[in-house]
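55 is the number that the UniProt record's numbering gives to position 55 of the sequence shown; each next residue is one higher, with no gaps. Just so you know, even glycine gets a beta-carbon here, dropped at the ideal spot from N, CA and C. Only a predicted model underlies this, so the values are computations on that prediction, with no experimental measurement involved.
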Amino acid sequence: MLTPIDVQRLTTELPTSHAWGPVVHLDVTGSTNAEAAERARPWSPVLADLQTAGRGRLGRAWQEVPRAGLAMSVLVPIPPTPGWLPLATGVAVRAALSDAGVAVGLKWPNDVLATDDGDRKLCGILCQMLPDGAGVVVGIGINVHHERDQLPVPTATSLRLLGADVDRTDLAAGVLRHLRARHEDLVAGGERAKGVHAAYRVACTTIGKEVDVHRPDGSVEQVVATGVDDDGRLVVTGAEGSATVAAGDVQHIRPAGVPPRP
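Shown next, in the form of structure tokens:
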């Protein structure tokens with residue numbers, strides 16, 4: 001039987017004396033991002049065992065299996081370079097998973113891929129600015145205990161399928177602590193922010209790949225990803241030269257005969 005989040009232990013790991021807000025745990029919610037936005041309490045994590053109306057980028061709908069995944073959101077102050085927040089969150093998730101012995105890569109701008117399982121998607125990240133500009137809700141969804149038939153698409157995987165026995169409470173604490181540290185680096189700027197940038201670029205599997213860029217207007221452009229600039233935008237080179245991508249969807253292009261990637 002899958003166990004619930006241990007709220008008392010997580011509260012101990014994230015004490016209010018260190019400027020964490022109270023831990024909110026819900027059995028069921030529509031969206032942890034919406035809950036965190038409504039509560040509007042900085043650094044107060046919202047977790048749910050079942051999320052019924054979760055949304056990914058570009059409005060994609062998905063629904064969690066009860067207690068199988070880690071679905072959580074937290075409101076954070078806007079850093080000086082907001083475009084780096086989803087990327088820094090990926091760095092934080094990667095660090096927490098590394099602590100658990102799991103190797104992952106980062107797909108720009110907000111997916112975490114399992115390098116030992118064909119680059120299948122292990123985690124998605126969704127950052128949403130509050131309407132009043134008072135902060136950004138960072139939403140994180142990690143597939144933890146799912147079996148293969150419980151995943152929504154064949155391009156997804158879980159920690160269980162990777163052979164990793166991970167406690168969701170420990171994982172939540174690790175991700176949140178790493179996120180707080182990377183956020184502080186972005187706010188500090190200078191060499192500390194550059195350290196986050198460097199860590200992301202090393203881990204980003206998009207750099208160097210041919211990609212299809214699906215832009216918000218519906219157009220698709222095939223380009224080569226060559227880097228990530230200091231504003232967090234993807235740098236690409238195509239038929240018309242170099243450009244940057246700040247919004248839209250990026251899909252890695254696979255060689256013939258290779259199974260689809262996320």
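**Report entry** Rounded separation between D170 and L47 - CA only
**Finding:** Numbered from its first residue, the sequence shown carries residue 170 at position 170. Numbered from its first residue, the sequence shown carries residue 47 at position 47. Cα-Cα distance, rounded: 13 Å.
Query raised in the report: Can at least three beta-carbon pairs, one atom from the stretch 33-46 and one from the stretch 1-9, be found at a separation below 8 Å?
Result: no
Requested in this report: Specify the secondary structure class of G83 as computed by DSSP and reduced to three states.
Outcome: On the sequence shown, position 83 is the one that residue 83 refers to. G83 falls in the helix class under three-state DSSP.
Query raised in the report: Counting pairs of beta carbons, one from the stretch 71-83 and one from the stretch 114-122, are three or more of them closer than 8 Å?
Result: no
Requested in this report: Kindly confirm or deny that the stretch 121-135 and the stretch 218-227 touch, where touching means at least three C-beta pairs closer than 8 Å.
Outcome: No, the stretch 121-135 does not touch the stretch 218-227.
Query raised in the report: Between the stretch 200-212 and the stretch 91-110, do three or more beta carbon pairs fall short of 8 Å?
Result: yes
Requested in this report: Could you please give me the residues that DSSP links to E221 through a beta bridge?
Outcome: Position 221 of the sequence shown, counted from the first residue, corresponds to residue 221. Among the bridge pairs identified by DSSP, E221 is matched with V213.
Query raised in the report: Got a sec, what are the start and stop residues for the alpha helix (DSSP H) D170 sits in?
Result: Translated into positions along the sequence shown, residue 170 becomes position 170. It spans 168-188 - the alpha helix (DSSP H) in which D170 sits, taken as one unbroken run.
Query raised in the report: Leaving out five residues before and five after R192 in sequence, what residues of the same chain have Cβ atoms less than 6 Å from its Cβ?
Result: Translated into the one-based positions of the sequence shown, residue 192 becomes position 192. Cβ within range, chain order: D185.
Query - Which listed residue (R9, R180, D165, V24) has its alpha carbon closest to that of G101 - result: Against the sequence shown, residue 101 aligns to sequence position 101. Of the candidates R9, R180, D165, V24, the one whose C-alpha sits nearest the C-alpha of G101 is D165.
Requested in this report: For the alpha helix (DSSP H) containing T12, list its first residue and its last residue.
Outcome: By one-based count along the sequence shown, residue 12 stands at place 12. First-last of the alpha helix (DSSP H) with T12: 7-13.
Query raised in the report: Opposite A243 in the DSSP bridges: which residues?
Result: Taking the first residue of the sequence shown as position 1, residue 243 is located at position 243. Per DSSP, V236.
**Report entry** Beta-bridge pairing of L162 - partner residues as DSSP gives them
**Finding:** Residue 162 sits at position 162 when you count from the first residue of the sequence shown. None, per the DSSP bridge assignment.
Query raised in the report: Which class does L97 belong to by DSSP, given the choice of helix, strand or coil?
Result: Your numbering for residue 97 matches position 97 in the sequence shown. Note: L97 maps to helix in three-state DSSP.
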